[in-house]
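Below is one structure; the comments refer to it alone.
Protein chains: 2
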Amino acid sequence: MFPPIQARLRNAAATRQAILDSARRHFAREGYDNVGLREIAGDAGVDPALVSRYFGGKERLLKEAVRSDTPPLFEGIRPADLPAHLAGLLLEDEGDGCGNAAEKTERLLILLRSASSPRASEIVREAAGEDILRPIAALLDGAGAEARASLCLAILVGVGMLRSAFGLLPARRTEQAALRAALERLFEAALGDAGRD
Amino acid sequence: MFPPIQARLRNAAATRQAILDSARRHFAREGYDNVGLREIAGDAGVDPALVSRYFGGKERLLKEAVRSDTPPLFEGIRPADLPAHLAGLLLEDEGDGCGNAAEKTERLLILLRSASSPRASEIVREAAGEDILRPIAALLDGAGAEARASLCLAILVGVGMLRSAFGLLPARRTEQAALRAALERLFEAALGDAGRD
DNA sequence: TTATTATGTCAACGCGTGTTGACGAAGCGC
DNA sequence: GCGCTTCGTCAACACGCGTTGACATAATAA
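In order, the protein sequences belong to chains R and X. Counting the first sequence from 1 gives a position; this note's numbering is that position plus 548. Counting the second sequence from 1 gives a position; this note's numbering is that position plus 548.
Structure, rendered in structure tokens:
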């Protein structure tokens, strides 16, 4: 599926990184439960046993995959730009048509597609709170900031699920502009007022 | 977990129905992949082998569980009432706190929580299209009716996922009114204009 | 060189899953 | 009573999963 990396034999650091990269790709496209260690290892050009050996288990691998060693998603964004930025995250994430996500939003896809799965839910919930909910809520102010951020996350999750599981909202070139506008209005509605109690 | 039904021995129709009821409850709460035939059968007070025997496999059981032998979700709804109706579906579905869903929206929960899962995705996509997307789109008119209905489905899925996987938006009594208002505005934004190209 | 460590390979385990076939037992017509 | 069909029970299978330990081989030091 991915071209196996060669000429990297007997290099622990590079092997570890190859496994991590392959895991990120697969977790982002298929979700934690729907991919096996053998596939991840296979695309990394590595023996499946090494995954458990290097990372100490599949859950630890996921935990490492969603660690924030990639740039944060909401840095330098002004509150007024949030709707456009959120819509952009959804529209740019599947850059090359259907497959490899842009690296900077790969973490978002991992969270979206591993949300179900009892084994991954705790890790996913924690990472989503830290990487998405908290940054959005920090940009807002007033009562109900968390609730409004939650609604944004719901839209992110819903649109992501619709695309991956239902094949809807594919964002073809011809419709992308209209969809982007609709998503921005949706995020505006979510951010504008929610839980203002 | 559920009180096992007794005094139903040697009654094929009743046994079949008990399995189907248990399957609906479990699929709605845990999703297709996260529940085993042994649990479903156990809560139905039945041997696990009977599930495969009566329904011919787990996928067939899911197919039967989402069949529309329960009342449709969007009957007698006027377009203007759609936002309130959709918000109501999300807020009333977990009636007794956390657990047994109201029967009339159990099918909705099954679809939400089984959306990932490669084995169930085709069945879920088909049922979602028939039970949710098509009815909503039929209530709308003009260009982009399907895209707008898709956005509504995305909100349904997202909010449902957030609740089941992340434990957010729990809709406590004190916040329910505010959340309902926010959801209505969200659905209004989704229905108002989307994909108008 | 040889000895030692680091890295990768292989086969197998234990577990849970959905599924199937053989057997037992209840209902029912004769 | 018997015979036959229907229904339920039990044990086992085959499969895939994550994981582990024993072994082989490359890299490195003595």
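For glycine and all other residues, C-beta sits at the position ideal for the given N, C-alpha and C.
**Prompt:** If you measure from the beta carbon of Ile703 (chain R) to each beta carbon in chain X, is any gap under 8 Å?
**Reply:** yes
**Item:** Gly579 (chain R) in three-state terms, based on DSSP
**Value:** coil
**Asked** Using a beta-carbon distance cut-off of less than 9 Å, what residues from the segment 574-599 of chain R approach chain X?
**Response** Glu578, Gly579, Asp581, Asn582
**Asked** In terms of residues, what are the limits of the alpha helix (DSSP H) holding Glu723 (chain X)?
**Response** 721-740
**Request:** Give a yes or no on whether the C-beta atoms belonging to Leu568 (chain R) and Ala613 (chain R) are separated by under 8 Å.
**Result:** Cβ atoms of Leu568 (chain R) and Ala613 (chain R): closer than 8 Å.
**Message:** Distance check for Ala561 (chain R) and Lys606 (chain R), CA to CA, integer angstroms please.
**Reply:** 18 Å
**Prompt:** Would Ala693 (chain R) count as contacting chain X if we go by Cβ distances under 8 Å?
**Reply:** no
**Message:** With three or more C-beta pairs closer than 8 Å as the rule, is the segment 725-735 of chain X touching the segment 711-722 of chain R?
**Reply:** no
**Request:** Put Ile567 (chain R) into one of helix, strand or coil per three-state DSSP.
**Result:** helix
**Pairwise C-alpha distance: Glu674 (chain X) and Gly645 (chain R)** = At Gly645 (chain R), the pLDDT of 43 sits below 50, so the modelled position is not reliable; the number obtained from the coordinates is stated separately. Those two C-alpha atoms are separated by around 23 Å.
**Message:** So, for Leu660 (chain R): in the same chain, excluding its five sequence neighbours on each side, which residues have a beta-carbon less than 8 Å away from its beta-carbon?
**Reply:** Leu704, Val705, Gly708, Met709, Ser712
**Asked** Alpha carbon to alpha carbon, what distance is there between Gly593 (chain X) and Leu716 (chain X)?
**Response** 33 Å
**Asked** Do three or more CB pairs link the segment 627-639 of chain R to the segment 687-705 of chain R at distances below 8 Å?
**Response** yes
**Asked** Can you list the residues of chain R that Arg532 (chain X) reaches, using a CB-CB cut of under 8 Å?
**Response** Only positions 549 to 745 of chain X appear in this structure, which leaves residue 532 (chain X) out of reach.
**Asked** Could you check where the alpha helix (DSSP H) with Leu688 (chain X) kicks off and where it finishes?
**Response** Where Leu688 (chain X) is concerned, there is no enclosing alpha helix (DSSP H), given that its DSSP letter is neither H nor E.
**Prompt:** Looking at the structure shown, is Arg601 (chain X) part of a helix, part of a strand, or coil, going by DSSP?
**Reply:** helix
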